[in-house]
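S.K.: Residue numbers for the sequence shown follow the UniProt record's numbering, beginning at 1 and rising by one.
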Amino acid sequence: MERGESISFQLVKAIRGSMIAVVLFSRNYASSKWCLDELVEIMKCRREFGQIVIAVFYKVDPSDIRKQTGDFGNVFRKTCAGKTNEEIRRWRVALAEVAAIAGYHSSNWDNEADMVENIATDVSKKLNQFRRSIDFNYDLVGMRSHLEEMRRLLYLDSDEVRMIGIWGLPGVGKSTITRFLFKQLSQRFNVSLYIKDINALYTRPASSDVEFMSLLTYHNDNEVFNLRVEREKLKRKKVLVVIDNVDRSVQLDAMMKESPWFGPGSRVVIAVQDRDVLEAHRIGYVYRVALPSDYEVMQIFCMAAFGQKLPKDGYEDLARRICNIAGRLPLRLKIMGSYFRGMSKQEWVDKIDPL
1 MERGESISFQ LVKAIRGSMI AVVLFSRNYA SSKWCLDELV EIMKCRREFG
51 QIVIAVFYKV DPSDIRKQTG DFGNVFRKTC AGKTNEEIRR WRVALAEVAA
101 IAGYHSSNWD NEADMVENIA TDVSKKLNQF RRSIDFNYDL VGMRSHLEEM
151 RRLLYLDSDE VRMIGIWGLP GVGKSTITRF LFKQLSQRFN VSLYIKDINA
201 LYTRPASSDV EFMSLLTYHN DNEVFNLRVE REKLKRKKVL VVIDNVDRSV
251 QLDAMMKESP WFGPGSRVVI AVQDRDVLEA HRIGYVYRVA LPSDYEVMQI
301 FCMAAFGQKL PKDGYEDLAR RICNIAGRLP LRLKIMGSYF RGMSKQEWVD
351 KIDPL
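(1) In terms of alpha-carbon separation, which member of G314, V297, F57 lies closest to G337?
(2) Relative to the C-alpha of V123, which residue among E112, R267, Y104, W109 is closest?
(3) Per DSSP, what kind of secondary structure is A100 in: helix, strand or coil?
(4) How would you call I156, buried or exposed, if buried means at least 16 neighbouring beta carbons within 10 angstroms?
(5) In or out: I352 buried (at least 16 other Cβ within 10 Å) or exposed?
(6) So, does the region 270-289 touch the region 313-332, judging by three or more C-beta pairs under 8 Å?
(7) Which residue or residues does DSSP assign as beta-bridge partners of V53?
(8) I20 and L95: beta carbons closer than 8 Å?
(9) Please check the pair V98 and L39, which I expect to be a contact at CB under 8 Å, by giving their CB distance rounded to whole angstroms.
(10) L331 and G171 look like a contact to me (Cβ under 8 Å); what is the Cβ gap, rounded to whole Å?
(11) If I measure Cβ to Cβ from V241 and keep anything under 6 Å in the same chain, skipping five residues before and after, which residues do I get?
(12) Assign T84 to one of two classes, buried (16 or more other C-beta atoms within 10 Å of its C-beta) or exposed (fewer than that).
(13) Whose C-alpha, out of G70, Y315, S18, P62, is nearest the C-alpha of I52?
(14) Take the Cβ of S107 as the centre, count every other Cβ of all protein chains shown within 10 Å, and call the residue buried at 16 or more, exposed below.
(15) Taking the CB atoms as reference points, tell me whether Y285 and M163 lie closer together than 8 Å.
(16) When you compare each of Q308, A102, K309 to A55 by their alpha carbons, which one comes out closest?
(17) Going by DSSP, which residues form a beta bridge with A271?
(18) Quick one: is Y295 buried, meaning 16 or more other Cβ sit within 10 Å of its Cβ, or exposed?
(19) Along the chain, where does the beta strand (DSSP E) that runs through S192 open and close?
(20) Using 8 Å as the threshold, is the region 63-76 in touch with the region 112-119, meaning 3 or more CB pairs across them?
(21) Would you give the residue range spanned by the alpha helix (DSSP H) that N245 belongs to?
(22) So, using beta-carbon positions, are residue 400 and F262 closer together than 8 Å?
(23) Quick one: using the 10 Å Cβ neighbour count with 16 as the cut-off for buried, is L181 buried or exposed?
(24) Cβ atoms of E41 and V22: under 8 Å apart, would you say?
(25) Tell me Y285's beta-bridge partners as DSSP assigns them.
(26) Could you check how far apart the C-beta atoms of residue 402 and S26 are, in whole angstroms? I think they sit under 8 Å.
(27) Could you pull the DSSP bridge partners for H146 from this structure?
(28) What number of angstroms, rounded off, separates the C-alpha of L36 from the C-alpha of T176?
(29) Quick one: what's got a C-beta closer than 6 Å to L234's C-beta in the same chain, skipping five residues either side?
(30) Quick check: A280 and D244, are their CB atoms within less than 8 Å of each other?
(31) List the endpoints of the continuous alpha helix (DSSP H) containing M303.
(32) Can you tell me the Cα-Cα spacing of D197 and K174, whole angstroms?
(33) R236: buried (16+ other C-beta within 10 angstroms of its C-beta) or exposed?
(34) Apply the 10 Å Cβ neighbour rule to K183 and answer buried if 16 or more other Cβ atoms are within range, or exposed otherwise.
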């Protein structure tokens, strides 16, 4: 984008929609009114939305930024010439706030590349933690009833080897249930395996059972030297296998054609969009994932839009309108909520009508 007298609407929207902002300070940072206005918006998002801010001080002392002294202060004062007192006040407040954040100091690093690598790793970790936190809160919405029904079908006290199917519309939450279920139950089994993308495993039909066995027996090189021996070992172990997004019966046939593979008490959970896949494999225990209730719909959307289970004050009617537009599919609600996250109330109004 071309720089102008003030930061553009698109940039403000990008800042508000970000989970993390990295601010890189140099001696000449304050020479740009554009950069200072960006910083004001970033610190506003930190206060209002809990946005994570990472400060990087490149050959500049944080105290000079906080107090606007030294070379940084000299540059700042030149930029302030001719500006309103209110503009200058906002800049000073933002600079004082961001300088108080524990950040990265280039003077503490002998190698700049190492510093950059460390910053990138830090950003990645914070981003993953943020997503796991959001996903966990999504998972809790309506999850108790799903788990109660699944536990009934799993009947974990039985020593039989049982296969359970999860069936439902695309976006209804099958993947969320399988992930949550695996986290809850995996410690109770001798061997546990979660397959997120069965299509990646099912690359060579003739050898997919070998690849499957390799995963179960932790052979990282995907090579099982004696398939019969490995199968005999598994017949003495309690195994949990959760397979998501199965769309063809042949995928299950190729991997599990010689049943039973597993020991007493083992469980295999398979998530599908087409119930015919379960019927073709004669899986009699099936959980149909229903659409969420109206109350749960609002919770799912608000978690994505506001980071809480209820709308913010003044957004109640707007949130209900968007939920009606999105329907009751959890995936669609999450996408819509993420889209509106960080927008002002007027922006919500402007965006709803086209939807």
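We treat Cβ as the ideally placed atom computed from N, Cα and C, and that holds for glycine.
M.R.: Per the coordinate set shown:
(1) When only C-alpha atoms are compared, the closest one is V297.
(2) Measuring C-alpha to C-alpha distances from V123 to each of E112, R267, Y104, W109 identifies Y104 as the nearest.
(3) In this structure, A100 counts as coil in the three-state DSSP scheme.
(4) A quick correction: the sequence has Leu, not Ile, at residue 156. The residue is exposed, with fewer than 16 neighbouring Cβ atoms inside 10 Å.
(5) By the beta-carbon neighbour count (other beta carbons within 10 angstroms, threshold 16), I352 is exposed.
(6) No: the two stretches stay apart, fewer than three of their Cβ pairs being nearer than 8 Å.
(7) Answer is A21, bridged to V53.
(8) Not a contact, by the Cβ cut-off of 8 Å.
(9) Contact holds; Cβ gap of about 6 Å.
(10) About 3 Å separates the beta carbons of L331 and G171, which is inside the 8 Å limit, making them a contact pair.
(11) These residues qualify, in order along the chain: L193, V268.
(12) The residue in question, T84, is exposed, as its Cβ has fewer than 16 Cβ neighbours within 10 Å.
(13) The closest CA to that of I52, considering only G70, Y315, S18, P62, is found on S18.
(14) Label assigned to S107: exposed.
(15) Their beta carbons are under 8 Å apart, which means Y285 touches M163 by this criterion.
(16) Closest in C-alpha terms to A55, from the list Q308, A102, K309, comes A102.
(17) Beta-bridge pairing links A271 to I166.
(18) A residue is called buried when at least 16 other Cβ atoms come within 10 angstroms of its Cβ; Y295 does not meet this threshold and is exposed.
(19) That run of the beta strand (DSSP E) goes 191-195.
(20) Taking a contact to require three or more Cβ pairs closer than 8 Å, the region 63-76 and the region 112-119 do not qualify as touching.
(21) No alpha helix (DSSP H) contains N245, which is instead part of the beta strand (DSSP E) from 239-246.
(22) Any question about residue 400 goes unanswered here, given that the chain covers just 1 to 355.
(23) When all chains shown are included, L181 counts as buried.
(24) For V22 and E41, no; Cβs fall outside 8 Å.
(25) Residue pairing from DSSP places Y285 in a beta bridge opposite I164.
(26) Beyond the ends of the chain as shown, which are 1 and 355, falls residue 402; an answer cannot be given.
(27) Within the DSSP secondary-structure output, H146 pairs in no beta bridge.
(28) One C-alpha to the other measures close to 41 Å.
(29) Around L234: W261, F262.
(30) Taking 8 Å as the Cβ cut-off, A280 and D244 do not qualify as a contacting pair.
(31) Here the alpha helix (DSSP H) through M303 covers 294-306.
(32) For D197 and K174, the distance between alpha carbons rounds to 13 Å.
(33) When all chains shown are included, R236 counts as exposed.
(34) K183 should be labelled exposed.
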